[in-house]
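> Okay, handing you the structure first.
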Amino acid sequence: MLTGNASVAWGVRLAGVDYVPTYPITPQTEIIETLAKWISDGVMDAGFVSLDSEHSMIAAAGAASATGARVFTATSSQGLLYGFEMLYTVAGWRVPLVMVNVSRGLSAPITLEPDHNDILAARDSGFLQIHCETCQEVLDSVLLAYRLAEDERVLLPVFVNMDGFHLSFTREPVEIPGRDAVERFLPPYQPKHAFFKASQPMAQGLAVIGGSLYSYFKYQMHLASIKALDVYHEVSEEFKKIFDRSYHAIERFMVEDAEYVLIMTNSFSTLGKAAVEKARKKGIKAGLLRLRLIRPFPEADLKEALEGKKTVAVLDQNISVGKGGILYSEIAGTLYHEKNKPLLLSFISGLGGKNISPREFEFIFDTMIKSFILKKTVTPQLLYTEEEWKEMERLKGMAGKTYDFPTSCSPHHFTAGVTTPSDR
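Each residue of the sequence shown is one higher than the one before, counting from 3 in this note's numbering.
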């Protein structure tokens, strides 16, 4: 029985990592505490350094990776944003380090619970992104991430993302692979690519250059990221042969004969699967598609999986302020040119770790069915139960006595998504 954090640590240990630069932040700290103890006890042969900030940590990770070391680091939320400048830098260096992000809602207001605005803010940095639902998947994804990053057709850093608290501190049964099996899948890193050469100062575009050369390097990163889709399919098939566990770019749960498909990602997908099973018992042909790779974005897989469906609802655990759900927009762009595309609906919930109740999932499926019958979409909806909204009104009333509480939105302005009280 391992927590998500412990599962990460085991993945790093089995990967034979050489160097671990760190900086603590809740809810990620257990990862580096575990690694620090193993290194101190001599169980792991790796360098461990605690830096003065996430910015320095990512810079150190990139520099060490550029020398040919296998490097790991981890962060969360505000820490990820603190080091944001260096994400673009080390991705531009084309160094194959692996970094775990333990998702946590961004301040302000402050929370320790998860949503995905932190990791999705990094989607354009050049890092690839793998998103996990279970503790077993977390461990396995660390191993997959190194194979993907270190492939000479890719050579880009990789994020492995998991939800804080809901996964990082949740204990689940996890199978720890044997070292011999891991080494068959992930042999010691022996880079053939020279990241920095004094004789070739332009090798990684480190000098100040003009727009034409800059565009060349950026486009090469883009092509490598697109190629990573093919490479991921290859290494995931090899992983299945060795470990008998399968991880596709997208996970299809009861999708094959589904008419109404819910799209989610990360650990809250488990709640969505339970809702799909409940809907099936009512005679609704429901299914769930879980996004596992978000960068590169698996467009071809999505188009194939959603072909012929009646209605698709994207449940975003994030919000792009002033726009709406981030993944909804990306999926809408993916399906835009398809001739027989399904109706596409947008829902937002789980912000700051807010529970998504069974009644809210029922509301989503009811809305999907009604939209198909009426042949029309609805405006994006922020999901609250009636009970939760009444609590917001109560708190607003209390705060209003001493504070000019913002009142610019309610569920009937921004959305229409107030459901009946849940039984949770």
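Glycine is no exception: its CB is placed at the ideal position from the N, C-alpha and C atoms.
Have a look at D120, V156, V104 and flag the residue whose alpha-carbon is nearest the alpha-carbon of E32.
V104
> Using a Cβ-Cβ cut-off of 6 Å (strictly less than) and excluding sequence neighbours within five positions of N7, which residues of its own chain qualify?
When the five nearest sequence neighbours on each side are left out, the beta carbons in the same chain lying within less than 6 Å of the beta carbon of N7 are those of E32, I33, S170, in order along the chain.
> Helix, strand or coil for S105, going by three-state DSSP, please let me know.
strand
> Could you compute how far the alpha carbon of V176 sits from the alpha carbon of S373?
41 Å
> State the start and end residues of the unbroken beta strand (DSSP E) segment that holds M266.
262–267
> I'd like to check one pair, T267 with H168: are the Cβ atoms closer than 8 Å?
no
> Touching or not, the stretch 34–44 and the stretch 88–107, by the rule of three or more beta carbon pairs under 8 Å?
no
> Using the rule of at least 16 other Cβ atoms within 10 Å of the residue's Cβ for burial, across every protein chain shown, is A110 buried or exposed?
exposed
> Let me check one thing: in DSSP terms, what residues is S322 bridge-paired to?
Residue pairing by DSSP places S322 opposite G326 in a beta bridge.
> Expressed to the nearest angstrom, what Euclidean distance is found between the alpha-carbon atoms of K287 and E154?
43 Å
> Can you look up E174 in the DSSP assignment and give me helix, strand or coil?
strand
> Mind checking N119: buried by the 16 CB within 10 Å criterion, or exposed?
buried
> My parser needs the beta strand (DSSP E) runs of 3 or more residues fully inside the stretch 234–307; what are they?
252–255, 262–267, 288–293, 295–297
> With DSSP as the reference, identify every bridge partner of S52, one or two as the case may be.
Per DSSP, the beta-bridge partners of S52 are T24.
> Please return the same chain residues whose Cβ sits closer than 6 Å to the Cβ of T5, not counting the five positions on each side in sequence.
When the five nearest sequence neighbours on each side are left out, the beta carbons in the same chain lying within less than 6 Å of the beta carbon of T5 are those of F171, R173, in order along the chain.
> For the structure I just gave you, are there three or more beta carbon pairs, one from the stretch 283–301 and one from the stretch 340–352, closer than 8 Å?
Not touching, per the Cβ criterion.
> Please specify which runs of the alpha helix (DSSP H), each continuous and at least 4 residues long, are wholly inside the stretch 126–195, giving them in chain order.
DSSP runs (the alpha helix (DSSP H)) wholly in the stretch 126–195: 137–152, 181–187.
> For E309, count neighbouring Cβ atoms within 10 angstroms of its own Cβ and tell me buried if that reaches 16, exposed if not.
exposed
> Taking the alpha-carbon positions, what's the K398 to E388 distance?
C-alpha separation (whole angstroms): 15 Å.
> Just curious, the alpha helix (DSSP H) that I41 is in, first and last residue?
31–42
> Could you give the uninterrupted runs of the beta strand (DSSP E) lying entirely in the stretch 329–361, keeping only those of 3 residues or more?
345–350
> Out of curiosity, what's the CA-to-CA distance linking A71 and V144?
16 Å
> Which same chain residues end up closer than 6 Å to G355 when comparing Cβ atoms and leaving out the 5 residues on each side of it in sequence?
E115, P116
> Are the stretch 302–317 and the stretch 277–285 touching by the rule of at least three beta carbon pairs closer than 8 Å?
no
> Please state whether the Cβ-Cβ distance between L16 and V140 is less than 8 Å.
no
> I need the boundaries of the beta strand (DSSP E) containing A76, first residue and last residue.
A76 -> beta strand (DSSP E) spans 74–77.
> Taking buried to mean at least 16 other C-beta atoms within 10 Å of its own C-beta, is Q319 buried or exposed?
That one is buried.
> Could you check where the alpha helix (DSSP H) with A11 kicks off and where it finishes?
6–17
> From L83, E362, F245, T381, pick the residue whose C-alpha is nearest to that of L146; which is it?
F245
> Assuming A76 and V102 make a contact with CB atoms under 8 Å, what is their CB distance in whole Å?
4 Å
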